[in-house]
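What follows is a set of notes on a single structure, which appears directly below.
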Amino acid sequence: MKTLSKEELISRLEAINRSNAIIYFDLNGIILGVNSIFLETMGYKEGDHEKIIGKHHSIFVSTDYANSKEYEKFWKKLRDGQFYEGEFERVKLDGELIYLQATYNPILNENGEVTKIMKIANDVSTTVIAKNEIGAVSKSNAVIYFDCDGYILGANSLFLKTMGFDERDENKIIGKHHSIFVSFEYSKSEEYKEFWKKLSSGKFFEGEYERRKMNGDTIYLKATYNPILSNDGVCRKVMKIANDITETITSKNKINELSKNLQVELDNSNKLRVALEIEKNNVLEDLEATIKKSQNELIGTIVKTALGVIVSVGFITTVMYSFAILSNKDTQIIGSTWSNMFSVLLTNAFSIVGTIMGIKYATQEKKEDKI
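Quick note on numbering that gives the first Met the number 0: the sequence shown kicks off at 0 and runs consecutively.
If you want it as structure tokens, here you go:
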């Protein structure tokens, strides 16, 4: 390897110093020097060198970690000449966490002895936090990645399980198109083509989507399609985050159907009430014809009407019980509703009897008085 001149080494070090956060420690972790980028990165002012020189590296870590055996071993290995590289969680001046992509470089003298430690770092907090957030999302959500044309790049185990695949079947879907999850008709539609065209242009989508599982069963997903863009705004990939809401959608559809049926029966019940009222009025208007009816005929008419009321109310009650069970409502409400409906409808029915019989007996008494 070519030996660099002193001037070349200094030139390279200055280049590193201009674009990176740099700090120096002695072998015990005491701060020897620091550049302005490091100060700014850690929340200090540009001229605050003297505020940290002479202090220990532990001012940049949590108290628990500073007192741990792991931290002690970290510095022992550095003193022994071991090189460290990675992402490190550190603490800024104001106590806020920061993540640094850094190297701890033991500096050796001509005899191969470690004389100091140079740390070169860059703030990668945004990237690390985003990565951690995505990791947290992946633990509780179905996640899948596509390229900007809709071809599958990868999926987590929860997504595979949700869509009916084995949790280890990721390689079976990588390279296939998103269209394997939709109906054939939809995959050939202009709407579907426009969907992917908008995603590739950076448009975000959120909503409830009907999709197809591996075995062809319909599944409903509440999902977001998130285009991931480069710094220049170009689509690099699309991340989909989803949750299975099939049970919710199915229950809602059943409740909607029962609600329609219930409304029909309530309308029929109202028609029955109106019909009873009309019947009552007709009877009063045609009093002579009504009086001529025998008591048995009247009772027969009322019994048929009452039975019709009971059957109608019974059917409505059954529908309402089903509605209550599906929507987790208190079924006692149904008992109260049934009682009220039955009372109103049956009262209307038997009020006809009272009216007719009262008129009939009053008429008979008048005839007897004349005799």
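Using N, Cα and C, we set each Cβ at its ideal position, and we do this for glycine too.
Quiz item: Between serine 229 and tryptophan 195, what straight-line distance do the alpha-carbon atoms span, to the nearest angstrom?
Solution: Start at 1 with the first residue of the sequence shown, and residue 229 comes out as number 230. Start at 1 with the first residue of the sequence shown, and residue 195 comes out as number 196. Their backbone Cα atoms lie some 18 Å apart in a straight line.
Quiz item: Taking the C-alpha atoms as reference points, what is the distance between lysine 236 and glutamate 71?
Solution: Taking the sequence shown and counting its residues from 1, the one referred to as residue 236 is at position 237. Taking the sequence shown and counting its residues from 1, the one referred to as residue 71 is at position 72. Answer to the nearest angstrom: the Cα atoms are 43 Å apart.
Quiz item: Who are the near neighbours of aspartate 241 in its chain, counting only those whose CB is closer than 6 Å to its CB and skipping five residues on each side?
Solution: Taking the first residue of the sequence shown as position 1, residue 241 is located at position 242. Reading off the sequence shown, one finds alanine at residue 241, where the question assumed aspartate. Correct list, in chain order: Ala141, Leu220, Ala222.
Quiz item: Can at least three beta-carbon pairs, one atom from the region 112-120 and one from the region 9-28, be found at a separation below 8 Å?
Solution: Output reads yes: the region 9-28 touches the region 112-120.
Self-check item: Residue interval of the alpha helix (DSSP H) (run including arginine 78)
Solution: Taking the sequence shown and counting its residues from 1, one reaches residue 78 at position 79. Start and end: 68-78.
Quiz prompt | Burial state of phenylalanine 183 (16 or more Cβ within 10 Å) | solution = As a first step, residue 183 must be located in the sequence shown, where it is residue number 184. It is exposed - the Cβ of phenylalanine 183 has fewer than 16 other Cβ atoms within 10 Å.
Quiz item: At what residue ranges does the region 96-120 contain a whole run of the beta strand (DSSP E), taking only runs of 3 or more?
Solution: Secondary structure remark: continuous beta strand (DSSP E) runs of at least 3 residues inside the region 96-120, in chain order: 96-107.
Quiz prompt | Same chain, Cβ closer than 7 Å to tyrosine 64, five either side skipped, listed in chain order | solution = As a position in the sequence shown, residue 64 is number 65, starting the count at 1. So the qualifying residues of the chain are Tyr70.
Quiz item: How would you write the range of the beta strand (DSSP E) that asparagine 242 sits in, first residue to last?
Solution: Indexing the sequence shown from 1 puts residue 242 at position 243. Where asparagine 242 is concerned, the enclosing beta strand (DSSP E) starts and stops at 234-243.
Quiz item: methionine 0 by DSSP, collapsed to three states: which one?
Solution: One-based indexing of the sequence shown puts residue 0 at position 1. Residue confidence is low: methionine 0 scores 49 on pLDDT, short of 50, so the model does not pin down where it sits. Its coordinate-derived value is still stated next. In the three-state DSSP reduction, methionine 0 falls in the coil class, being neither helix nor strand.
Self-check item: Burial state of methionine 0, where buried means 16 or more other Cβ atoms lie within 10 Å
Solution: Within the sequence shown, numbered from 1, the residue matching residue 0 stands at position 1. In this prediction, methionine 0 has a pLDDT of 49, which is less than 50 and means its spatial position is unreliable; what the coordinates show is noted afterwards. So methionine 0 counts as exposed.
Quiz item: Whose CA, out of Cys147, Tyr144, Tyr98, lies closest to the CA of asparagine 131?
Solution: Counting from 1 along the sequence shown, the entry for residue 131 is found at position 132. Selected option, being the one with the closest Cα: Tyr98.
Practice problem: Label aspartate 122 either buried or exposed according to how many other C-beta atoms from any shown protein chain fall within 10 Å of its C-beta, with 16 as the threshold for buried. | Solution: Here the question's residue 122 lines up with position 123 in the sequence shown. It is buried - the Cβ of aspartate 122 has at least 16 other Cβ atoms within 10 Å.
Quiz item: Roughly how many angstroms separate the alpha carbons of isoleucine 254 and valine 263, rounded to a whole number?
Solution: For the purposes of this step, residue 254 is identified with residue 255 of the sequence shown, where counting begins at 1. For the purposes of this step, residue 263 is identified with residue 264 of the sequence shown, where counting begins at 1. Distance from the CA of isoleucine 254 to the CA of valine 263, rounded to the nearest whole angstrom, comes to 14 Å.
Exercise. Note the first and the last residue of the continuous alpha helix (DSSP H) segment covering leucine 159.
Key: Here residue 159 is taken as the residue at index 160 of the sequence shown, counted from 1. Secondary structure note for leucine 159: its alpha helix (DSSP H) is the uninterrupted segment 156-161.
Quiz item: Which value, in whole angstroms, describes the spacing of the CA atoms of isoleucine 248 and glutamate 207?
Solution: By 1-based counting over the sequence shown, the position of residue 248 is 249. By 1-based counting over the sequence shown, the position of residue 207 is 208. One alpha carbon belongs to isoleucine 248, the other to glutamate 207, and they sit about 9 Å apart.
Practice problem: Count the other CB atoms, across all protein chains shown, that sit within 10 Å of the CB of threonine 62; report buried if there are 16 or more and exposed otherwise. | Solution: Position 63 of the sequence shown, counting from 1, holds the residue named residue 62. Looking at its Cβ environment, which holds fewer than 16 other Cβ atoms inside 10 Å, threonine 62 is exposed.
Quiz item: What residue does the alpha helix (DSSP H) around valine 127 start on, and which one ends it?
Solution: Residue mapping note: residue 127 aligns to position 128 of the sequence shown, counting from 1. Looking at the DSSP string, the run of the alpha helix (DSSP H) that includes valine 127 is 124-139.
Self-check item: Short Cβ contact (8 Å threshold) for leucine 49 with leucine 38
Solution: For the purposes of this step, residue 49 is taken as the residue at position 50 of the sequence shown. For the purposes of this step, residue 38 is taken as the residue at position 39 of the sequence shown. The identity of residue 49 in the sequence shown is glutamate, whereas the question assumes leucine. Taking C-beta atoms as the reference points, glutamate 49 and leucine 38 fail to come closer than 8 Å.
Exercise. May I ask you to list the residues that DSSP assigns as paired with glutamate 246?
Key: The residue you call residue 246 lines up with position 247 of the sequence shown. DSSP, once it has assigned bridges, lists no residue as partnering glutamate 246.
Quiz item: Between which two residues does the beta strand (DSSP E) carrying phenylalanine 183 extend?
Solution: For the purposes of this step, residue 183 is taken as residue 184 along the sequence shown, with counting starting at 1. Phenylalanine 183 -> not in any beta strand (DSSP E); alpha helix (DSSP H) instead, spanning 183-186.
Quiz item: First and last residue of the beta strand (DSSP E) that includes lysine 221?
Solution: Position 222 of the sequence shown holds residue 221. For lysine 221, the uninterrupted beta strand (DSSP E) run begins and ends at 217-228, by DSSP.
Self-check item: From Ser156, Asn34, Ile29, residue whose alpha carbon lies closest to that of asparagine 170
Solution: Locating residue 170 in the sequence shown gives position 171, where the first residue counts as 1. When Ser156, Asn34, Ile29 are compared, the shortest CA-CA separation from asparagine 170 is found for Ser156.
Quiz prompt | Nearest neighbour of glycine 42, chosen from Asp266, Gly94, Lys202 [CA to CA] | solution = Against the sequence shown, residue 42 aligns to sequence position 43. The residue with the shortest Cα to Cα distance from glycine 42 is Gly94.
Self-check item: 8 Å Cβ cutoff, glycine 153 in contact with chain D
Solution: Within the model displayed, chain D is absent; a lone protein chain is all it includes.
Quiz item: Where do the ends of the beta strand (DSSP E) carrying tyrosine 43 lie?
Solution: By 1-based counting over the sequence shown, the position of residue 43 is 44. Per DSSP, tyrosine 43 belongs to no beta strand (DSSP E) and is neither H nor E.
Practice problem: Count the other C-beta atoms from every protein chain shown that fall within 10 angstroms of the C-beta of lysine 75, then say buried if there are 16 or more, exposed otherwise. | Solution: In the sequence shown, residue 75 corresponds to position 76, counting from 1. That one is exposed.
Quiz item: Hey, quick one: how far does the alpha helix (DSSP H) through phenylalanine 82 stretch, first residue to last?
Solution: Residue 82 sits at position 83 when you count from the first residue of the sequence shown. Careful: phenylalanine 82 lies outside any alpha helix (DSSP H) and carries neither H nor E.
Quiz item: Whose C-beta lies closer than 8 Å to the C-beta of serine 210 among residues of the same chain, with five residues either side of it excluded?
Solution: Within the sequence shown, numbered from 1, the residue matching residue 210 stands at position 211. Before going further, note that residue 210 is arginine rather than serine in the sequence given. Around arginine 210, the same chain offers Met162, Phe180, Val181, Thr217, Ile218, Tyr219, Leu220 as residues with beta carbons nearer than 8 Å, after the five sequence neighbours per side are excluded.
Quiz item: Who are the Cβ neighbours of aspartate 243 in its own chain at under 7 Å, not counting the five residues just before and after it?
Solution: Here the question's residue 243 lines up with position 244 in the sequence shown. So the qualifying residues of the chain are Thr161, Ile218, Leu220.
Exercise. Label isoleucine 172 either buried or exposed according to how many other C-beta atoms from any shown protein chain fall within 10 Å of its C-beta, with 16 as the threshold for buried.
Key: Indexing the sequence shown from 1 puts residue 172 at position 173. Classification for isoleucine 172: buried.
Exercise. Using a threshold of 8 Å, state whether the C-beta atoms of isoleucine 15 and isoleucine 119 are closer than that.
Key: For the purposes of this step, residue 15 is taken as residue 16 along the sequence shown, with counting starting at 1. For the purposes of this step, residue 119 is taken as residue 120 along the sequence shown, with counting starting at 1. Going by C-beta atoms, isoleucine 15 is nearer than 8 Å to isoleucine 119.
Practice problem: Look up tyrosine 144 in the DSSP assignment and give the residues it is bridged to. | Solution: Position 145 of the sequence shown, counted from the start, is the residue given in the question as residue 144. Answer by DSSP bridge pairing, in chain order: Gly153, Met238.
Quiz prompt | isoleucine 51 beta carbon less than 8 Å from that of isoleucine 58 | solution = The residue given as residue 58 occupies position 59 in the sequence shown. The residue given as residue 51 occupies position 52 in the sequence shown. Going by C-beta atoms, isoleucine 58 is nearer than 8 Å to isoleucine 51.
Practice problem: Please name the residue, chosen from Leu77, Asn280, Asn108, Ser124, that lies closest to valine 378 on a Cα-to-Cα basis. | Solution: Outside the displayed range of the chain (0 to 370) lies residue 378, so it cannot be described from this structure.
Self-check item: Buried/exposed call for alanine 154, threshold 16 Cβ in 10 Å
Solution: Counting from one through the sequence shown, the residue named residue 154 turns up at place 155. Counting Cβ neighbours within 10 Å, alanine 154 comes out buried, since at least 16 surround it.
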